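Colleague: If you read the protein sequences in the order shown, they are chains R and X. Going by our numbering, the letters in the first sequence line up with residues 192 to 496, in that order. Going by our numbering, the letters in the second sequence line up with residues 192 to 496, in that order. Okay, here's the structure, questions in a sec.
There are 2 protein chains.
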Amino acid sequence: MVLGGGGFIGTNLCKRLVASGFTVGAFGHSPRFPQELRGVDWHEGDFSNAAAVAAAVGTSEVVFHLVGTTPQPANIDMAGDLERHVIPSLALMDICRQAGVRRIVFVSSGGTVYGKPRDVPTPETAATDPIAAYGISKLAVEKYLALFEHLHGLDYRVLRITNPFGPFQVPFKSQGVIAAVVSRTLREERVEVWGDGSVVRDFIFVDDVVDALLSAATDSGNGRIFNVGTGEGRSLLEVISLVERLLDRKVRIDFKPGRALDVPVSVVAIDRARALLGWSPKTSFETGLQRTVDWWRTRPTYRAL
Amino acid sequence: MVLGGGGFIGTNLCKRLVASGFTVGAFGHSPRFPQELRGVDWHEGDFSNAAAVAAAVGTSEVVFHLVGTTPQPANIDMAGDLERHVIPSLALMDICRQAGVRRIVFVSSGGTVYGKPRDVPTPETAATDPIAAYGISKLAVEKYLALFEHLHGLDYRVLRITNPFGPFQVPFKSQGVIAAVVSRTLREERVEVWGDGSVVRDFIFVDDVVDALLSAATDSGNGRIFNVGTGEGRSLLEVISLVERLLDRKVRIDFKPGRALDVPVSVVAIDRARALLGWSPKTSFETGLQRTVDWWRTRPTYRAL
Chain R
192 MVLGGGGFIG TNLCKRLVAS GFTVGAFGHS PRFPQELRGV DWHEGDFSNA AAVAAAVGTS
252 EVVFHLVGTT PQPANIDMAG DLERHVIPSL ALMDICRQAG VRRIVFVSSG GTVYGKPRDV
312 PTPETAATDP IAAYGISKLA VEKYLALFEH LHGLDYRVLR ITNPFGPFQV PFKSQGVIAA
372 VVSRTLREER VEVWGDGSVV RDFIFVDDVV DALLSAATDS GNGRIFNVGT GEGRSLLEVI
432 SLVERLLDRK VRIDFKPGRA LDVPVSVVAI DRARALLGWS PKTSFETGLQ RTVDWWRTRP
492 TYRAL
Chain X
192 MVLGGGGFIG TNLCKRLVAS GFTVGAFGHS PRFPQELRGV DWHEGDFSNA AAVAAAVGTS
252 EVVFHLVGTT PQPANIDMAG DLERHVIPSL ALMDICRQAG VRRIVFVSSG GTVYGKPRDV
312 PTPETAATDP IAAYGISKLA VEKYLALFEH LHGLDYRVLR ITNPFGPFQV PFKSQGVIAA
372 VVSRTLREER VEVWGDGSVV RDFIFVDDVV DALLSAATDS GNGRIFNVGT GEGRSLLEVI
432 SLVERLLDRK VRIDFKPGRA LDVPVSVVAI DRARALLGWS PKTSFETGLQ RTVDWWRTRP
492 TYRAL
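As structure tokens, this is what we get:
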């Protein structure tokens, strides 16, 4: 059962699970690419509706919890973020416990839970001092998962994913900068960039994220929290320059003031996932970006919807 | 303004503030010892009522946030704990920001935010892996305070207080083990103890806690989070044995099964508060316990109410 299965990572995960022969259900608001969810038992609903979540979870063996808010709205309405994300996650844990779900795999945020990191690449053991409400609520869910395992034996894994990109990502509420740069440039539109483009991010191709999710679903080790990134950072300006090369077209940028919630550098250490999940990213940034560009070129008018 | 001013620490803090000549307001549900709050401008209200909190905060310079749930109910209703504690704390931060409050001093939990500590005594930099929902919500408020300083410049201090004891503490929902042991033994009643009494706690006399709160209200250093304890642990059985000596009476114990939310050892390192707040505990455990016993002896029928 993929909660948030209609989003970017969810769509990619569902496709892979179906292709691998699993019985797959998904839950969420109207999926962005319904035609891609062939073979998926789709449950339409709001994550705050515990009865709907319980019906979707049913007798699932593994629940992927990919339901997320986005960084900017969370900062504007922090209480609402708790109400829409953390409280329903607590209800989900109760549902999974009662339904005998074998494991919850939770998608957390490698880019926000650490805040301004002292060590780069940042290991899982680093201090967690988010400068965005989004990171605080992700962290709270992580802590409650650990508590549910302690109190009730509910098994879980947390993946702190950095900046994923690839097919089926559409620019949405300031998330998905690569999708925005590629699609807007193909449409000959200008791109808004917060800050001067010097922020460094750990961009990871979505196929590698899906690999990590599958490893986390079946892993039998003692690790619980894993960074999922590439361990390598690149600045937004470097990304833009590579997009220009691949599209053979100038990216036209409107620089906006930097945002308080953006850390200057976010790159994670992935030694733990390598060692304990046997996972490592396989797609070079250039290859991933080429595939992303190729996907956008297949979209009529370079629009997602 | 002392939010939660009618409780155990709140009553002690209010008395000290009044005695020191400050203009003192307090907010909360009906105080347990109203006659002790002479000179305090009392505001009756529920912490969830943002308008009532805003009216109480008014033009206060410093807000002490002592409103707390208790460990056991928080574990039973984790979502309710978020709704009653964390979400109103977010509203409080907004209120303080708009009212121009100079600083929030927040009482966090030295006994639960760390979970099962790897290092004892535990420093503030240790991992925070609570095994009680109470610790998770305290931690969330700490993180939001840091975020509010980052976003809005709202100043704050966090005191992670261990196990306070002393006058005006009454046994309540399994908090206040010393108060329970002393008062029930004076009344010749049996005492319930969770587990075998081997749990080790860092008991700190409430006058020393009040000293720390005052230091944190005026400190101008760069530290934000401070452990407040004695740095020394003693087991519940040791405490009981000292109570027996002071009362010259046998404590009759009903041992109950241990609780999943109790860590075996909780003792904090207080080097940071010593160095940055210039604070240290002044009252020996024996002296504090004697004063607690003396206080209970002044209560008619050894009852608080």
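For every residue, glycine included, the Cβ atom is placed at its ideal position computed from N, Cα and C. From a predicted model like this one, the values you see are computed outputs, not experimental measurements.
Threshold first: 4 residues or longer. Then list the alpha helix (DSSP H) segments lying entirely within the segment 352–396 of chain X, N to C.
Modeller: Counting whole runs of 4 or more residues, the segment 352–396 of chain X contains the alpha helix (DSSP H) stretches 368–377.
Colleague: Do you know how far the Cα of Arg440 (chain R) is from the Cα of Leu433 (chain R)?
Modeller: Roughly 10 angstroms separates the two Cα atoms.
Colleague: Are there three or more Cβ pairs, one per stretch, closer than 8 angstroms when the segment 214–230 of chain R is compared with the segment 355–370 of chain R?
Modeller: Touching, yes, given that three or more Cβ pairs across the two stretches are closer than 8 angstroms.
Colleague: Give the residues of chain X in contact with Ile322 (chain R), contact being defined as C-beta atoms less than 7 angstroms apart.
Modeller: Neighbours of Ile322 (chain R) on chain X, chain order: Leu338 and His341.
Colleague: Using three-state DSSP, classify Thr474 (chain X) as helix, strand or coil.
Modeller: Thr474 (chain X): coil per DSSP, three-state reduction.
Colleague: Less than 6 angstroms between C-beta atoms, sequence neighbours within five positions excluded: which residues of the same chain meet that for Val193 (chain X)?
Modeller: The answer, listed in chain order, is Gly201, Leu204, Cys205, Ala217 and Phe255.
Colleague: Check whether the Cβ atoms of Gly302 (chain R) and Ser426 (chain R) lie closer than 8 angstroms to each other.
Modeller: Contact: no.
Colleague: In chain order, what residues of the same chain lie with their CB nearer than 8 angstroms to the CB of Arg309 (chain X), ignoring the 5 residues before and after it?
Modeller: So the list reads Ala317 and Ala318, once near-sequence residues are dropped.
Colleague: Just mark Glu315 (chain X) as buried or exposed, buried being the case when its beta carbon has 16 or more other beta carbons within 10 Å.
Modeller: Classification for Glu315 (chain X): buried.
Colleague: Would Ser389 (chain X) and Leu428 (chain X) be called neighbours here (beta carbons separated by less than 8 angstroms)?
Modeller: It is a contact, given that the beta carbons lie within the stated cut-off.
Colleague: Would you say Met192 (chain R) lies against chain X (beta-carbon separation less than 8 angstroms)?
Modeller: Not one chain X Cβ lies under 8 angstroms of Met192 (chain R).
Colleague: Is it the case that the Cβ atoms of Val215 (chain X) and Asp232 (chain X) are separated by a distance below 8 angstroms?
Modeller: Contact: yes.
Colleague: List the endpoints of the continuous alpha helix (DSSP H) containing Ala331 (chain R).
Modeller: Run containing Ala331 (chain R): Ala324 to His343, per the alpha helix (DSSP H) assignment.
Colleague: Determine the direct distance from the alpha carbon of Phe356 (chain X) to that of Gly386 (chain X), and round the result to whole angstroms.
Modeller: Spanning the two alpha carbons is a distance of roughly 20 angstroms.
Colleague: Using a Cβ cut-off of 7 angstroms, which residues of the segment 258–280 of chain R contact any Cβ in chain X, in chain order?
Modeller: For the segment 258–280 of chain R, which is checked against every Cβ of chain X, the residues closer than 7 angstroms are Met269, Ala270, Leu273, Val277 and Ile278.
Colleague: Which residues in chain R have a C-beta closer than 7 angstroms to the C-beta of Tyr335 (chain X)? List them in chain order.
Modeller: Within 7 angstroms Cβ-Cβ: Met269 and Ile327.
Colleague: At a CB-CB cut-off below 9 angstroms, which residues of chain R make contact with Ala331 (chain X)?
Modeller: Neighbours of Ala331 (chain X) on chain R, chain order: Leu273, Val277, Ile327, Ser328, Leu330, Ala331 and Lys334.
Colleague: Can you say whether Asn413 (chain X) is buried or exposed, counting buried as having 16 or more other CB atoms within 10 angstroms of its CB?
Modeller: Burial call: exposed.
Colleague: With DSSP collapsed to three states, give me the class of Arg294 (chain R).
Modeller: The answer is strand: DSSP assigns Arg294 (chain R) an E or B state.
Colleague: Please name the residue in R:Pro312, R:His343 and R:Ile444 whose C-alpha comes closest to that of Val368 (chain R).
Modeller: Considering only alpha carbons, the answer is R:Ile444.
Colleague: Which same chain residues, not among the five before or five after Arg288 (chain X), have their C-beta less than 8 angstroms away from its C-beta?
Modeller: Closer than 8 angstroms at the Cβ level, and outside the excluded window around Arg288 (chain X), lie Phe339, His343 and Leu345.
Colleague: Which partner residues of Asp206 (chain X) appear in the DSSP bridge assignment?
Modeller: First, the amino acid is wrong: residue 206 (chain X) is Lys here, not Asp. For Lys206 (chain X), which the question treats as bridged, DSSP gives no partner whatsoever.
Colleague: For chain R, find out if any of its Cβ atoms is closer than 8 angstroms to the Cβ of Ala210 (chain X); answer yes or no.
Modeller: Chain R, which has no Cβ nearer than 8 angstroms to the Cβ of Ala210 (chain X), makes this no.
Colleague: Between the C-alpha atoms of Gly469 (chain R) and Asp410 (chain R), what's the straight-line distance to the nearest angstrom?
Modeller: Approximately 9 angstroms, taken between the alpha carbons.
Colleague: For Tyr493 (chain X), which residues of its own chain have a beta-carbon under 7 angstroms away from its beta-carbon, when the five flanking residues on both sides are left out?
Modeller: If we look at Tyr493 (chain X) and ignore the five residues flanking it on each side, its Cβ neighbours are Ser374, Leu377, Arg378 and Trp487.
Colleague: Name, going along the chain, the residues of the segment 430–459 of chain R whose beta-carbon falls closer than 9 angstroms to a beta-carbon of chain X.
Modeller: Residues Ala451 and Leu452.
Colleague: In angstroms with no decimal places, state the Cα-to-Cα distance between Val298 (chain R) and Ile416 (chain R).
Modeller: If you take the alpha carbons of Val298 (chain R) and Ile416 (chain R), they lie about 10 angstroms apart.
Colleague: If you follow the alpha helix (DSSP H) that Ile461 (chain X) is part of, which residue opens it and which one closes it?
Modeller: Ile461 (chain X) -> no alpha helix (DSSP H), and no H or E assigned at all.
Colleague: Using CA atoms only, rank isn't needed, just tell me which of R:Pro264, R:Ile461, R:Asn266 and R:Leu283 is closest to Leu257 (chain R).
Modeller: With distances taken between Cα atoms, Leu257 (chain R) lies closest to R:Leu283.
Colleague: Just the Cα atoms here: how many angstroms apart are Pro262 (chain X) and Gln366 (chain X)?
Modeller: Computed Cα separation, rounded: 8 angstroms.
Colleague: Determine, for Ala370 (chain R), whether the minimum Cβ-Cβ distance to residues of chain B falls below 8 angstroms.
Modeller: Absence of chain B from the displayed structure is noted, the protein chains being R and X.
Colleague: Thinking Phe476 (chain X) and Phe394 (chain X) are a contact (beta carbons under 8 angstroms), I'd like their distance in whole angstroms, please.
Modeller: So it is a contact: roughly 6 angstroms between Cβ atoms.
Colleague: In the DSSP assignment, the beta strand (DSSP E) including Glu235 (chain R) goes from what residue to what residue?
Modeller: Its beta strand (DSSP E) spans residues Val231 to Glu235.
Colleague: Cβ atoms of Asp399 (chain R) and Lys473 (chain R): under 8 angstroms apart, would you say?
Modeller: In this structure, Asp399 (chain R) lies closer than 8 angstroms to Lys473 (chain R) by Cβ.
Colleague: In its own chain, which residues sit with a C-beta less than 7 angstroms from the C-beta of Ala324 (chain R), not counting the 5 before and 5 after it?
Modeller: Here the set comprises Ala265, Asn266, Met269 and Asp272.
Colleague: Rounded C-beta distance between Val419 (chain X) and Thr313 (chain X)? I'm assuming under 8 angstroms.
Modeller: About 13 angstroms; that fails the 8 angstroms criterion.
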